[in-house]
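Inspection log for the structure reproduced underneath, given as structure tokens.
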Amino acid sequence: MTQKILIVDDDPNIVTYLEDIFQDAGYATCKATDGADALSMVRQEKPALITLDLEMPKEWGPRFYRELTQDNEHKNIPVIVISGLAGNKYAIPKAVASFTKPFDREELLKVVKEVLG
Amino acid sequence: MHTFVVSESIVIITQDVGHGRVLARILSEYGYRPSTCDYEQALDVMSTVRPRLVLLGLCGPDQARILLQRILVLYPTTQIITLVSEGDYVLGLELLEDGAADFLFKPVSEEALRIALSRARATVALHEEVETLRTKTKVLEENQQLCRQLFDEVPCYISVQNRQQRIVRANRQFKLDFGACLGERCYEVYKHRTHPCPNCPVEQTFADGMVHQTEEVVTTCDGKQKIVFTLTAPLRDEHGEITEVMELATDITQIRELQGRLTSLGLFIGSISHGVRGMLTALDGGLYRLEKGIAHNDMDLVANGAERVKLMVSRIRNSVLEMLYYSKERDLNIQLVDARNFGEGVANFVEPKASKHGINFEKHFNGTMDRIEIDPEVISSGLVNILENAVDACIEDECKNSHTVSFIMEGGPDTVTFLIRDNGMGIDRSAQEKMFSLFFSSKGSKGTGLGLYIANEVVKQHGGRILVDSTPGVGTEFRVELPRKYVPQPVHTDEQDKVCVQ
């Protein structure tokens with residue numbers, strides 16, 4: 001079965017970019033534009049991996065992450081942070097990886113492949 | 001019964017030594033200190049004794065009148081009682097006309113002398129009182145003038161307000177910049193508001209009698225905006241009740257502008273770095289599609305990728321331009337451009353964003369388009385900024401079924417006007433006052449607070465101006481007026497602040 005990646009970012013252009021590269025690498029994708037949407041998307045779509053932006057208008061990435069980890073059913077979904085904030089690896093220490101925009105596409109895909117096996 | 005007079009000097013001038021001696025004795029009994037002399041000694045004695053009262057006995061009328069006049073010239077307040085021959089009314093009246101205080105007939109009765117002297121003393125007292133009052137009045141007037149002058153000439157705005165927030169007094173500077181304002185409400189005059197400002201320092205001072213301070217943006221009657229530092233102090237009546245509050249406002253616009261420039265660059269880079277990182281990532285996304293399209297020979301994908309690249313490049317370009325503007329006063333690159341082509345270019349930049357959100361975009365070109373001397377790069381970035389704000393105002397507005405942004409160019413003989421109209425959410429008065437200020441943004445994290453500030457700066461640099469008319473809930477119109485022919489503007493001065501809020 002195709003593994004699904006949830007892309008959480010408020011910038012539609014970046015969402016499109018991530019959709020392009022993940023789909024071309026053979027993954028299915030779904031998306032959310034802020035933390036609140038992302039949580040319901042997680043429950044609905046049950047993704048295998050989440051990429052998470054930190055700074056978003058309605059609900060910030062770290063808050064979403066906290067809520068995710070309180071949800072027993074989904075707390076083990078791996079999260080990759082992709083954000084414009086420098087030093088973002090400290091924001092969510094348990095993330096499997098952190099990328100600063102603009103990110104290296106090959107690096108990202110490499111990490112995704114490792115995580116999803 | 002005599003009223004006893006303590007130590008009142010009196011000079012008795014008479015050629016009749018015997019008569020003089022009799023008079024001196026009587027006057028001594030009353031408590032006067034008489035000095036007797038003849039006509040010749042008179043002026044010497046007068047200058048030594050300096051009496052307020054003189055008794056002048058007449059022998060030769062001419063001689064006596066000359067002496068009377070001379071004394072009055074030297075000592076104009078002296079009360080001179082003349083003693084004339086019995087029945088000589090004519091002479092007596094002439095002497096009165098010459099300035100004598102009174103005349104008595106010889107031989108003088110004690111009673112008549114006493115009454116005449118006490119009247120003369122009363123007159124002297126009255127004179128002195130008037131003189132004292134005159135001196136006091138003069139001092140008072142001088143003080144009042146000094147106070148008025150201080151109040152008026154202090155290089156700040158002073159107003160005194162009552163509990164109804166009406167201005168009861170204002171200094172010259174205040175009246176000069178905010179108009180004849182007595183009786184008006186403070187917030188109407190100062191801030192063009194219809195309701196009192198939140199956290200009014202005057203209110204607070206009325207409530208607690210303490211000094212309060214705030215920083216405000218105010219608009220003068222000719223539309224100039226000033227940042228003022230305001231201090232308030234209570235004014236109390238004789239019972240200690242606060243009846244009025246004095247508000248003293250100092251113009252700190254220049255300080256704030258300087259401060260803004262100094263701190264801005266670091267802040268600015270911080271504030272846009274997130275955005276720039278996002279744009280660069282999205283640019284990668286566009287390039288990815290472009291490359292993939294080329295690899296698969298998919299022209300649709302190529303076109304889409306190119307479109308994305310174009311959009312991102314233009315956004316990055318704008319951000320970089322803003323940053324350049326901000327970091328350094330750059331010189332204008334004035335070019336003679338075709339007005340219509342320029343306008344079309346600006347409109348084309350924004351139209352896709354409007355259509356994407358289902359907003360009608362109209363453009364009209366009226367009058368003579370011809371050519372215009374501008375720095376097209378900076379003016380277009382300023383206009384795009386205003387247009388994008390108009391689109392955002394429509395996106396944010398949830399009250400109307402359809403939204404329209406109009407871009408209208410009107411070509412006049414000397415001026416080209418750009419009207420940017422929207423029926424979006426509108427801008428409230430207080431945001432209008434601050435909208436051209438550095439780092440003022442109503443868009444939260446989406447705005448840098450630079451766009452309109454820079455738009456205004458570049459339009460001013462071109463010798464033009466921006467006018468704003470907006471009604472919350474109805475819409476907004478920006479009017480950008482640019483002279484057709486570029487005239488270099490002097491280095492930034494206050495007089496150049498041409499932003500007007502109607």
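Protein chains in written order, with the numbering used here: chain A, 1 to 117; chain B, 1 to 502. No residue lacks a Cβ here, since even glycine has one placed at the ideal position from N, Cα and C. Since the model is a prediction, treat every value here as computed from it, not as a measurement.
Range covered by the beta strand (DSSP E) that runs through residue 338 of chain B: Here the beta strand (DSSP E) through residue 338 of chain B covers 335-338.
Own chain residues within Cβ distance below 7 Å of residue 209 of chain B, not counting five before or after: 234, 242
Limits of the alpha helix (DSSP H) - the one that residue 381 of chain B falls within: 376-396
Between the CA atoms of residue 294 of chain B and residue 55 of chain A - distance to the nearest angstrom: 34 Å
Sequence-distant residues of the same chain with beta carbon closer than 6 Å to residue 387 of chain B, five excluded per side: Its chain contains 350, 420 as the residues whose beta carbon lies nearer than 6 Å to that of residue 387 of chain B, once the 5 sequence neighbours on both sides are disregarded; these appear in chain order.
Cβ neighbour criterion (16 or more within 10 Å) applied to residue 296 of chain B: exposed
Residue 94 of chain A versus residue 63 of chain A: straight-line alpha-carbon distance, rounded: As the crow flies, the alpha-carbon of residue 94 of chain A is around 14 Å from that of residue 63 of chain A.
Rounded distance between the beta-carbons of residue 308 of chain B and residue 102 of chain A, thought under 8 Å: No, residue 102 of chain A and residue 308 of chain B are not in contact; Cβ-Cβ is about 14 Å, not under 8 Å.
Span separating the alpha-carbon of residue 530 of chain B from that of residue 377 of chain B: Given that chain B is displayed from residue 1 to residue 502, the structure contains no residue 530 of chain B and the question cannot be resolved.
Cα-Cα separation, residue 365 of chain B to residue 428 of chain B: Rounded to the nearest whole angstrom, the C-alpha separation of residue 365 of chain B and residue 428 of chain B is 29 Å.
Cβ-based neighbour list, residue 169 of chain B, same chain, cut-off 6 Å, excluding 5 preceding and 5 following: For residue 169 of chain B, same chain residues with a beta-carbon under 6 Å away, outside a window of 5 residues either side, are 160 in chain order.
Every unbroken alpha helix (DSSP H) within the region 67-127 of chain B, with a cutoff of 4 residues, ordered by chain: 89-98
Cβ of residue 76 of chain A within 8 Å of any chain B Cβ: no
Nearest neighbour of residue 231 of chain B, chosen from B/200, B/256, B/311, B/455 [CA to CA]: B/200
Residue 49 of chain A versus residue 322 of chain B - alpha carbon distance: 38 Å
For residue 6 of chain A and residue 47 of chain A, the rounded distance between their alpha carbons: 6 Å
Straight-line gap, residue 312 of chain B to residue 216 of chain B (C-alpha atoms, nearest Å): 38 Å
Residues that DSSP places opposite residue 208 of chain B in a beta bridge: The partner list for residue 208 of chain B (beta bridge, DSSP) is empty, contrary to what the question assumes.
Contact with chain B by residue 55 of chain A, beta-carbon distance below 8 Å: The Cβ of residue 55 of chain A sits closer than 8 Å to at least one Cβ of chain B.
Boundaries (first-last residue) of the beta strand (DSSP E) holding residue 478 of chain B: 475-483
Own chain, CB closer than 6 Å to residue 368 of chain B, minus 5 neighbours either side, in chain order: 411
Residue closest to residue 114 of chain B, alpha-carbon to alpha-carbon, out of B/55, B/166, B/135, B/89: B/55
The region 28-47 of chain A contacting the region 2-18 of chain A, beta-carbon criterion three pairs below 8 Å: yes
Where residue 285 of chain B falls, given that 16 or more other Cβ within 10 Å makes a residue buried: buried
Close-in-space but distant-in-sequence residues of the same chain around residue 299 of chain B (CB under 8 Å, 5 per side omitted): 293
Which of helix, strand or coil DSSP assigns to residue 48 of chain B: helix
Euclidean distance between Cα positions of residue 173 of chain B and residue 148 of chain B: 12 Å
The region 83-103 of chain B / the region 47-65 of chain B touching (three or more Cβ pairs under 8 Å): yes
DSSP bridge partner residues for residue 411 of chain B (one or two, in chain order): B/367, B/416
For residue 248 of chain B: DSSP bridge partner residues: B/158, B/231
Neighbourhood of residue 116 of chain A by C-beta distance below 7 Å, restricted to the same chain and skipping five residues each side: Setting aside the 5 residues that flank it on each side, residue 116 of chain A is surrounded in the same chain by 3, 48, 49, each with a C-beta closer than 7 Å to its C-beta; the list follows chain order.
Sequence-distant residues of the same chain with beta carbon closer than 7 Å to residue 118 of chain A, five excluded per side: Beyond the ends of chain A as shown, which are 1 and 117, falls residue 118 of chain A; an answer cannot be given.
Nearest residue (CA-CA) to residue 319 of chain B, options B/237, B/451, B/400: B/451
Chain B contact residues for residue 16 of chain A, given Cβ-Cβ distances below 7 Å: 285
Buried/exposed call for residue 360 of chain B, threshold 16 Cβ in 10 Å: exposed
Assigned secondary structure, residue 352 of chain B (DSSP; H/G/I helix, E/B strand, else coil): helix
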